[in-house]
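Engineer:
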Amino acid sequence: PEETVTSSFASFIHAVRPEHLSKTVCHRSKRMILDSIGVGLVGSTTHVFDIALQYCRELYSSVAVSSVYGKPGVKLSPTLAAFTNGVATHSMDFDDTWHPATHPSGAVLPALLAASQMLPPSAKPNGMDFLLAFNVGLEVQGRLMHFSTEAHNIPKRFHPPSVVGTLGSAAATAKLLSLSTAQCAHALGIAASLAGAPMANAATQAKPLHIGNATRLGFEAALLAARGMEANPLILDDIAGCSGFSAFYSIYQPKPLSTPSDHHEFLLEKQDIAFKRFPAHLGMHWVVDAALSVRNLFINYAGSFSPSLIRTIVLKIPVSKYINRPFPSSEHQARHSFQFNACTALLDGEVGLSSFTESSIHRQELRELLDKVVVEHPEDNVANFDKMYGEVALLLHSGDVLTGKCDTFYGHWRKPLSKESLLKKFRSNASHVLPEEKIETIITMVDNLENLSDSSQL
Amino acid sequence: TITGNFANVIHGLNANHLTDQVIQRSKRMILDTLGVGLLGTSTEVCHKVTQYSKIYSSDISSTIWGHLDFRLPPLYAAFVNGVAVHSMDFDDTWHPATHPSGAVLPAVIALSEAFPQKEKISGLDLLLAFNVGIEVQGRLLRFSSEARNIPKRFHPPTVVGTMGSAAACAKLLGLDQLKCKNALAIAASYAGAPLANAATQTKPLHVGNAAKHGLEAACLASQGLQGSKQILDMESGIGAFYTDYNPQTLPTLQSYPWLLDQQDVAIKRFPAHLGTHWVADAASSVRQKLVESHENLLPLDKIEKVILKVPEVKYVNRPSPTSEHEARHSFQFVACSTLLDGSMSVQSFASENIHRPALQELLRKTQLEHPADNTPSFESLYCEVSVTLRDGNTISNRCEMFYGHWRKPLKKEDLEKKFQSNASSVLPAEATEGILETVYNLEKVEDCSVL
């Protein structure tokens, strides 16, 4: 019978082996795992995390085998641990971003961690199995996004992690649990019925739930499939008159995955990930780097940073409603505001965790700068993480104009974080909740993931 | 904002706003849903989700309908019961199209069981919350002209059902306006499942998840989680699920006009997609005529072909279904099955009946036609069944309104009969009677956990 797109995916998930992972892919995915853990650890200090944890603890108790980031001794049932950790990972918008746009790791890693704790000692996956499952989760997300040209630009309708992330989690968990090909297909099908959250909740406290649910519900889908639940075997295919996964896109052109023969090229090989340097939407990173460079020019010009000399601040950014906020009032909004991030960078010379505290957000000096901001949308500035740029221009009262422009910020896939920078971010994040030796242990473990015999130690 | 307006209405509606007709209709819905759910707990899909849900247990817990032997956390009880309700596609259908009760009742019942003794919920509270959940669904469906027709993209219970469940639970929990708003916002992020899983074993999960996730959204809102304040206003909010979206504010609370007052639900007489009910009634009449003119026997071998004139609905067009899920979503199957047996019942979908040679043979002779005037809307569609015999004679019948449709509602006795038949598959007679009693007098019940 002619192979359907859905069955090609199921076959891929089922048949891919560790040998298919290239060195680059191993290396890049380990970096992602480390960053994701760090971000999750620091995220366990947030308010939204507290709410999610409280909720899970109140309603559930036993078969509590899976751990929660930053809370030693607390255990939850596997899917809820995945949920809570997923929420932690995205709580500050500090997690990785890919192209086409989504946050791939947060949707996959928590489910895998929880699942590996769930399996009995005789069936524990080793580090290589874990790394493979992780990459299956990424690969499926990437491939799905290539089904629609819509996915190339910054999203408008559905938040991508809630669409592809859910299926990625289902695929990864299905792999870790060694489901049959048919079960893999059903896991994808069930997951599709759990996917899809609208963009409107971005920049609100509910956004982290998107990742939490993606990882948890994908996990549930795999568990249900393992217990024999069946869904539509053509869920990824284009079925006229009755939408499957295509429901989430207006243009949808699915393509089958080749079965992994000797050389399966993982998307991660060709397209690396962006790691964030500070906890805000990816788009912010361009304007911040641009703002920092113009700040330097300004300091050379004026001797010090003197806001009173500035008449207007012009931001040249792409059009994207949910990150264009002139006066954000909450941390969630601030993380999704070009204006806020540019001004903070100008004022402080850097943007970090503390830039988003209540007191920082409402500072008088910052408000004054925000008042001077004007936004422009040049036609050539496309709302696309591969092509956009950020430009910050300071129009001074004296008539002089200073400009800074950033095409590729440090951390972007074209200019990846160095190993030291990545470790620095991890250590800084993890130190909020873990003692030093634990931090170093994790770093070593992830670095040697392929050789780990029992991945639940992670 | 519209979102704020919804929150105000959810918060502000109270028992005095319920009209008699709304009370009566909603009690019928509750009864039917309970019956359907009880029956549904015996299905395979329900067994699977029950097994799955047993992974979770806790101190606070609720029951699975008809099974008092173990308890589950409210969320999973809602999930399992929701799956049970939709497991056989036997639950109620509204216009614009959705299955309203299954997304709401399991959630509010599970939630009501979880309240501590001293804060018991009365029957009237339950009835009010239930109606809030139904009302919100109906209002949301009116925000898009797409919703008027049988769906193609997203399965409606997963879009509006989740929101309805959240609204109903928010009401039952007595959340303030702000938290009601947040419950809606959070629920939106759980909404939306594609239609492709209809006619598969996963479809019942759509209703189960709608109930469960709406409940979860309300609980999270209750704990202080916040979402978008304009979730119903923005195109990138609940509007994301529709290609055209025009939200409107709700009427004022003064003598509130409930949608259930203006538009009743359809109750199914057999467990299959609503569209097939027209076909069954038409086929039944045709069979009657055939049998009368052939000495009370069905002249099977004399049948040349069977033509069904139906609206174009791809996911109910299945010439040869192989599973019960497919059979429930097949115009052809229901037509032929009715021709053979005279009527449809729960049994019609048993495996041995699906695979009967006589049925298979008749299916091979069946074709569909899609007349241009037959619009895919539950309000206006019709079905015509024509059987042509070898001798050239054709017998046809057209059904515009099947018995059970909102324009021709089931009589009280027939509703009860359906309930009894369903419930008795898992409950003893006194329990069945007890539920009937309780639901009929729901407004007067002091502690609805007796349900």
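Taken in sequence, the protein lines are chains A and B. Just so you know, we're using UniProt numbering here: the first sequence kicks off at 1 and counts up by one. Just so you know, we're using UniProt numbering here: the second sequence kicks off at 1 and counts up by one. Idealized CB from N, CA, C, for every residue including glycine.
#1: When the cut-off is 7 angstroms and only beta carbons count, does GLN205 (chain A) lie next to chain B?
#2: Okay, do the segment 263-278 of chain B and the segment 86-100 of chain B touch, 3+ Cβ pairs below 8 angstroms being the bar?
#3: Identify whether VAL392 (chain A) lies in helix, strand or coil by the three-state DSSP scheme.
#4: So, is ARG277 (chain A) buried or exposed, given that buried needs 16 or more other C-beta atoms within 10 angstroms?
#5: Using a Cβ cut-off of 7 angstroms, pull out every chain A residue sitting near MET234 (chain B), in sequence order please.
#6: Check the Cβ-Cβ distances between THR444 (chain A) and every residue of chain B, and say whether any is below 7 angstroms.
#7: Considering only the beta carbon of each residue, do LEU38 (chain B) and ALA423 (chain B) sit closer than 7 angstroms?
#8: Of all Cβ atoms in chain A, is any one closer than 7 angstroms to the Cβ of LEU141 (chain B)?
#9: So, is the C-beta of MET163 (chain B) closer than 7 angstroms to a C-beta in chain A?
#10: Check the Cβ-Cβ distances between ASN232 (chain A) and every residue of chain B, and say whether any is below 7 angstroms.
#11: Classify THR441 (chain A) as buried or exposed, calling it buried when 16 or more other Cβ atoms lie within 10 Å of its own Cβ.
#12: Where LEU402 (chain A) and LEU366 (chain A) are concerned, what is the direct C-alpha to C-alpha distance, given to the nearest angstrom?
#13: Does the beta carbon of ILE439 (chain A) sit closer than 7 angstroms to a beta carbon anywhere in chain B?
#14: Nearest chain B C-beta to SER91 (chain A) closer than 7 angstroms, yes or no?
#15: Report the residue from B:LYS309, B:SER330, B:ILE186 whose alpha carbon sits nearest the alpha carbon of ARG318 (chain B).
#16: What are the boundary residues of the beta strand (DSSP E) that GLU384 (chain B) is part of?
#17: So, using beta-carbon positions, are SER169 (chain A) and THR97 (chain A) closer together than 7 angstroms?
#18: So is PRO1 (chain A) buried or exposed if we call it buried at 16+ other beta carbons inside 10 Å?
#19: With distance defined between alpha-carbon atoms, name the residue in B:GLU44, B:ASN16, B:GLY434, B:LEU389 nearest to SER293 (chain B).
#20: So LEU111 (chain B) packs on LEU172 (chain B), CB below 8 angstroms; how close in whole Å?
#21: Could you tell me the alpha carbon to alpha carbon distance between TRP413 (chain A) and HIS20 (chain A), rounded to whole angstroms?
#22: With distances taken between CB atoms, is the gap from PRO72 (chain A) to MET118 (chain A) smaller than 7 angstroms?
#23: Quick one: what does DSSP say ALA198 (chain B) is sitting in, helix, strand or coil?
#24: Can you check DSSP and say which residues form a bridge with GLY404 (chain A)?
#25: Please go through the segment 175-253 of chain B and give each complete beta strand (DSSP E) segment of 3 or more residues, from N-terminal end onward.
#26: Assuming LEU260 (chain B) contacts ILE134 (chain B) under a Cβ cut-off of 8 angstroms, what Cβ separation, rounded to an integer in Å, is found between them?
#27: Taking buried to mean at least 16 other C-beta atoms within 10 Å of its own C-beta, is ALA10 (chain A) buried or exposed?
#28: So, are the CB atoms of residue 462 (chain B) and SER284 (chain B) less than 7 angstroms apart?
#29: Kindly indicate which three-state DSSP category LEU76 (chain A) falls into: helix, strand or coil?
#30: Which residues of chain A have a Cβ atom closer than 9 angstroms to the Cβ of ASN197 (chain B), listed in chain order?
#31: Give me the DSSP bridge partner(s) of LYS305 (chain B).
#32: Can you tell me whether CYS399 (chain B) is helix, strand or coil according to DSSP?
#33: Nearest chain B C-beta to PRO1 (chain A) closer than 7 angstroms, yes or no?
#34: Given this structure, state the Cα-to-Cα distance separating ALA372 (chain B) from ALA221 (chain A), to the nearest angstrom.
#35: Is the Cβ-Cβ distance between GLN332 (chain B) and LEU362 (chain B) less than 7 angstroms?
#36: With distances taken between CB atoms, is the gap from LYS27 (chain B) to VAL439 (chain B) smaller than 7 angstroms?
Structural biologist: So, to answer that:
#1: At least one C-beta of chain B is nearer than 7 angstroms to the C-beta of GLN205 (chain A).
#2: By the Cβ criterion, the segment 263-278 of chain B is in contact with the segment 86-100 of chain B, since at least three pairs of Cβ atoms, one from each stretch, lie closer than 8 angstroms.
#3: For VAL392 (chain A), the three-state secondary structure derived from DSSP is strand.
#4: ARG277 (chain A) is buried by the Cβ-count criterion.
#5: One finds ALA200 in chain A with Cβ atoms closer than 7 angstroms to the Cβ of MET234 (chain B), taken in chain order.
#6: No, its Cβ sits nowhere closer than 7 angstroms to a Cβ of chain B.
#7: Cβ distance < 7 angstroms, so LEU38 (chain B) and ALA423 (chain B) count as in contact.
#8: For LEU141 (chain B), the answer is no, since every Cβ of chain A falls outside 7 angstroms of its Cβ.
#9: Not one chain A Cβ lies under 7 angstroms of MET163 (chain B).
#10: Yes, contact with chain B.
#11: Flag for THR441 (chain A) reads exposed.
#12: Cα to Cα, LEU402 (chain A) sits roughly 20 angstroms from LEU366 (chain A).
#13: It does not: the Cβ of ILE439 (chain A) has no partner Cβ on chain B nearer than 7 angstroms.
#14: False, the Cβ-Cβ gap to chain B never drops below 7 angstroms.
#15: The shortest C-alpha separation from ARG318 (chain B) is found at B:SER330.
#16: Per DSSP, GLU384 (chain B) is one residue of the beta strand (DSSP E) stretching across 383-389.
#17: Contact: no.
#18: Note that PRO1 (chain A) has pLDDT 47, beneath the 50 cutoff, so the model's placement of it is unreliable and no number is given.
#19: Nearest option by C-alpha distance: B:LEU389.
#20: Contact annotation, LEU111 (chain B) with LEU172 (chain B): C-beta distance approximately 6 angstroms; criterion of less than 8 angstroms satisfied.
#21: About 23 angstroms.
#22: No, these two residues do not count as a Cβ contact at 7 angstroms.
#23: Shown here, ALA198 (chain B) sits in coil according to DSSP, grouped into three states, outside any helix or strand.
#24: According to DSSP, GLY404 (chain A) bridges with A:VAL392.
#25: Entirely contained in the segment 175-253 of chain B, not one beta strand (DSSP E) run reaches 3 residues.
#26: Between LEU260 (chain B) and ILE134 (chain B) the beta-carbon gap is near 6 angstroms, inside 8 angstroms, which marks them as a contact.
#27: Buried.
#28: Because chain B is modelled from 1 through 451, residue 462 (chain B) falls outside the range shown and cannot be assessed.
#29: DSSP places LEU76 (chain A) in the strand class (E or B) of the three-state scheme.
#30: Chain A residues near ASN197 (chain B): GLY189, ILE190, ALA192, SER193, ALA231, ASN232, ILE235, GLY244.
#31: Residue pairing by DSSP places LYS305 (chain B) opposite B:THR388 in a beta bridge.
#32: Here CYS399 (chain B) sits in strand by DSSP.
#33: Below a pLDDT of 50, predicted positions are generally treated as unreliable, and PRO1 (chain A), at 47, falls in that range; no measurement from the model is reported.
#34: Just so you know, the alpha carbons of ALA372 (chain B) and ALA221 (chain A) end up roughly 40 angstroms apart.
#35: For the 7 angstroms CB-CB criterion, GLN332 (chain B) and LEU362 (chain B) do not form a contact.
#36: Yes; because the gap between Cβ atoms is below 7 angstroms, this pair is in contact.
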